[in-house]
Amino acid sequence: MPMLEVKGLNVHYGAIHALHGIDIAVEQGQIVTLIGCNGAGKSTTLRTISGLIRPSAGQILFEGKPISGMPAHQIVRLGLAQSPEGRGIFANLTVAENLDMGAFARSDKAQIAKDREHALTLFPRVRERLKQNAGTLSGGEQQMLAMARALMARPRLLLLDEPSLGLAPQIVQTIFKIIREINRDGTTILLVEQNAHMALEVAHHAYVLEVGRIVMADDAKKLAASDEVRKAYLGIG
Amino acid sequence: MTQFLQTLFDGVTVGCLYALIALGYTMVYGILKFINFAHSDVFALGVWMSITIAGWIGIGAAGEPVPPWYMGVLVMLLAMGVCGAVGFTVERIAYRPLRGAPRINVLITAIGVSLFLQNFGQLRWIFGAYPKAFPTLLGDQTLFSLAGVNFRLSDAAVIGTAVALMAALQYLIFRTKMGAAMRAVSFSPRNASLMGINVDLVISFTFVVGTMLAAAAGFLYGVKYGGQAKQTADSMWVMLGLKAFVAAVVGGIGNVRGAVLGGLLIGLIEWFGVAYLGSQYRDAYVFAILILVLLFRPAGVLGKATIEKV
Ligand SMILES: Nc1ncnc2c1ncn2[C@@H]1O[C@H](COP(=O)(O)OP(=O)(O)O)[C@@H](O)[C@H]1O
Ligand SMILES: [Mg+2]
Chain A
82 MPMLEVKGLN VHYGAIHALH GIDIAVEQGQ IVTLIGCNGA GKSTTLRTIS
132 GLIRPSAGQI LFEGKPISGM PAHQIVRLGL AQSPEGRGIF ANLTVAENLD
182 MGAFARSDKA QIAKDREHAL TLFPRVRERL KQNAGTLSGG EQQMLAMARA
232 LMARPRLLLL DEPSLGLAPQ IVQTIFKIIR EINRDGTTIL LVEQNAHMAL
282 EVAHHAYVLE VGRIVMADDA KKLAASDEVR KAYLGIG
Chain B
2 MTQFLQTLFD GVTVGCLYAL IALGYTMVYG ILKFINFAHS DVFALGVWMS
52 ITIAGWIGIG AAGEPVPPWY MGVLVMLLAM GVCGAVGFTV ERIAYRPLRG
102 APRINVLITA IGVSLFLQNF GQLRWIFGAY PKAFPTLLGD QTLFSLAGVN
152 FRLSDAAVIG TAVALMAALQ YLIFRTKMGA AMRAVSFSPR NASLMGINVD
202 LVISFTFVVG TMLAAAAGFL YGVKYGGQAK QTADSMWVML GLKAFVAAVV
252 GGIGNVRGAV LGGLLIGLIE WFGVAYLGSQ YRDAYVFAIL ILVLLFRPAG
302 VLGKATIEKV
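Chains A and B, in that order, are what the protein sequence lines are. Here our numbering runs 81 ahead of the position in the first sequence, where the first position is 1. Here our numbering runs 1 ahead of the position in the second sequence, where the first position is 1.
Here it is in structure tokens:
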């Protein structure tokens with residue numbers, strides 16, 4: 082049984098039909114990526130999984146349990162956290178408070194302290210800025226904080242929405258290195274990216290989303306080698 | 002000198018009351034981005050609940066001995082509790098269904114709630130429409146005199162309680178997990194919910210806290226101006242609430258520290274205006290300051306300027 086199963090998911094924004102019955106499966110322990118152009122529906126997919134949007138049809142199963150229709154704050158408690166598009170940092174809180182918010186739903190103080198230490202080891206730049214107002218961080222630092230904060234929920238499944246967006250190539254490299262590390266530590270990841278090149282490199286499995294429909298799904302390496310993907314998403318050939 | 006000190010002192014005392022009420026306006030605005038026009042009625046409700054509760058307990062009636070001080074505290078806490086419950090209920094049934102609705106709808110609803118509270122309170126089996134005097138819950142002895150200014154027990158109680166409540170609120174908002182959650186929700190409810198924060202719960206909590214502070218202000222108002230009979234739906238309540246709202250705007254709406262500063266500022270300006278310029282323009286001083294602040298610092302003294310998106 083996959084850790085996350087999305088079946089026939091349909092989402093509407095008023096009259097706009099954003100997702101037309103998409104199916105996604107995320108196996109435990111893997112990095113699965115969802116690539117696609119701007120406006121394809123990637124963020125909509127993640128928002129719906131996290132409970133921010135109600136689907137108009139379809140099913141979402143997390144570890145076998147149906148979660149569609151559940152409020153977002155309860156879904157986090159099940160072990161499914163998201164680092165949203167645009168980082169979603171609370172700019173009016175300090176960096177340390179942002180991290181605390183990530184663990185808001187938890188009460189196991191000792192384990193929270195350990196996870197905090199672990200997150201700060203993964204993101205040393207965040208540790209240097211704990212006392213600072215989060216709004217003063219650079220884009221790369223905010224991305225790191227957003228991911229560290231999501232890890233504070235101790236998720237078994239981590240959703241990442243375009244972690245490379247707007248960042249310098251060097252920082253993108255660092256971020257992807259850490260994504261791999263997080264996965265190696267045992268966290269399953271569903272990664273949404275426009276940067277298909279980087280995403281296909283770290284992912285085990287990949288889906289291609291085009292205007293609300295999954296048009297390809299395969300092993301990430303195979304997909305990266307396919308002519309269609311090379312032409313449309315990697316700018317080769 | 003005597004007049005200056007006396008005015009300073011009165012201004013600070015009344016400013017503390019404005020600040021307590023302004024905090025409720027500003028907290029609700031910070032989290033829901035709308036002006037809760039029913040907030041001044043909650044303040045009035047605090048006065049009337051205090052009168053009623055003191056009556057139930059049977060203390061403070063004219064001619065009776067002054068009860069021990071902790072009975073006053075008990076009355077205040079009970080009034081805060083009842084008003085907190087009212088605030089919770091109002092949010093639950095009037096405002097929550099309008100989450101995501103255009104702001105004008107919420108505003109109109111708030112005015113409706115305000116009218117409801119004013120008129121409901123006048124029903125014979127609630128508070129009735131006849132004037133009632135606030136019970137005497139504190140002795141009116143003078144604690145000490147300084148340069149001819151009398152420092153009275155009731156003033157000390159007002160300032161002391163208000164400062165204690167404001168300090169507790171600062172602690173709650175800036176030092177606790179719930180406070181951080183309130184600030185997170187005010188920044189982005191959506192991202193707060195991704196943290197596992199139950200946004201509706203935080204909003205309810207904010208309403209209850211704001212309402213309880215207004216109720217405390219109502220009680221303290223009664224302590225300061227006890228003995229003068231007031232009507233349930235006196236326009237005076239609305240004017241006091243309106244000035245507290247001005248205080249919140251002057252300090253920077255949405256800013257908790259701004260509300261405290263704005264309250265003190267408005268109290269001082271009102272009293273210095275009355276003392277040195279004449280009492281006939283008492284309300285005009287306050288609104289003149291509002292106009293000046295809106296002209297020169299539209300985001301308020303402590304507010305951050307935001308670029309209005311068109
Ligand atoms: N809040 C919204 N209201 C209306 N339409 C939206 C909203 N958010 C996204 N959309 C539309 O839904 C489609 C998918 O958007 P999105 O999921 O953000 O795409 P992606 O993340 O792949 O760039 C787009 O056509 C977009 O315009
Ligand atoms: Mg997106």
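Ideal placement from N, C-alpha and C gives every residue a C-beta, glycine not left out. In this text the structure is predicted, and so the values were computed from the model without any measurement.
Could you check what DSSP says for A/K146 in three-state terms: helix, strand or coil? strand
Distance, A/L281 Cα to B/L303 Cα: 48 Å
Looking at C-beta atoms only, is the number of pairs between the region 205-225 of chain A and the region 134-149 of chain A that lie closer than 8 Å three or more? no
Any beta carbon from chain A within less than 8 Å of B/G140's own beta carbon? no
Tell me the start and end of each unbroken beta strand (DSSP E) in the region 152-234 of chain A that is at least 3 residues and wholly inside, in chain order. 161-164
Within its chain, find whatever has a CB closer than 6 Å to the CB of A/L203; leave out the 5 residues flanking it on each side and keep chain order. I259
List, in chain order, every chain A residue whose beta-carbon is nearer than 8 Å to that of B/S205. Near B/S205 there are no residues of chain A at all, since even the closest Cβ is about 14 Å away, more than 8 Å.
8 Å is my cut-off, CB to CB: does A/R158 come that close to chain B? yes
Using the beta-carbon of each residue, find all residues closer than 6 Å to any heavy atom of ligand 1 and list them in chain order. A/Y94, A/I97, A/A99, A/G117, A/N119, A/G120, A/A121, A/G122, A/K123, A/S124 and A/T125
With 8 Å as the limit, tell me which residues of the region 191-203 of chain B have their beta carbon closer than that to any beta carbon of chain A; keep them in chain order. R191, N192, A193, S194, L195, M196, G197, I198, N199 and V200
Neighbourhood of A/G117 by C-beta, 7 Å cutoff - its chain only, sequence neighbours within 5 removed: K123, V289, L290 and E291
Listed by chain order, chain B residues near A/M279 by CB distance under 7 Å: In chain order: nothing, as chain B lies at least about 24 Å away.
Where B/Y131 falls: helix, strand or coil (DSSP): coil
Chain A contacts from the region 176-189 of chain B (Cβ-Cβ distance under 7 Å): K178, A181, A182, R184, A185, F188 and S189
Taking C-beta pairs closer than 9 Å, name the residues in chain B that A/S124 reaches, listed in chain order. Simply none; closest approach about 12 Å.
May I ask you to check if the CB of A/E166 is nearer than 7 Å to at least one heavy atom of ligand 2? yes
Quick one: give me the first and last residue of the alpha helix (DSSP H) that B/L166 is part of. L154 to R176
Throw me the rounded Cβ distance for the B/L195 and A/Q163 pair, which I believe falls under 8 Å. 5 Å
Going by DSSP, what residues sit across from B/T143 in a beta bridge? B/R153
Under the criterion of a Cβ to heavy atom distance below 7 Å, does A/E274 qualify as lining ligand 2? no
May I ask you to list the residues that DSSP assigns as paired with B/H40? None, per the DSSP bridge assignment.
Nearest neighbour of B/N120, chosen from B/F5, B/D42, B/L99 and B/P98 [CA to CA]: B/D42
By Cβ distance, which residues of its chain are closer than 7 Å to A/Q109, with the 5 residues on each side in sequence left out? M84 and T269
Alpha-carbon to alpha-carbon, B/F128 and B/P66: 24 Å
Could you check whether B/W238 and B/D11 sit closer than 8 Å to each other, using their CB atoms as the reference points? no
Measuring alpha carbon to alpha carbon, tell me which of A/A184, A/T175 and A/A191 ends up nearest A/R210. A/T175
For A/K312, the first and last residue of its enclosing alpha helix (DSSP H): D308 to A313
For ligand 2, is there any heavy atom lying closer than 7 Å to the beta carbon of A/E291? no
Nearest-angstrom Cα distance between B/P190 and A/D300? 37 Å
For the region 205-225 of chain B and the region 15-26 of chain B, state whether three or more C-beta atom pairs, one from each stretch, are separated by less than 8 Å. yes
Which word fits A/R128, buried or exposed, when buried means at least 16 other C-beta atoms lie within 10 angstroms of its C-beta? buried
Range covered by the beta strand (DSSP E) that runs through A/Y94: L85 to Y94
Nearest-angstrom Cα separation, counted from B/M213 out to B/A80: 8 Å
Name, please, each residue of chain B whose Cβ falls closer than 7 Å to the Cβ of A/S131. L195
Is there at least one Cβ from chain B nearer than 8 Å to A/F185's Cβ? yes
B/M196 by DSSP, collapsed to three states: which one? coil
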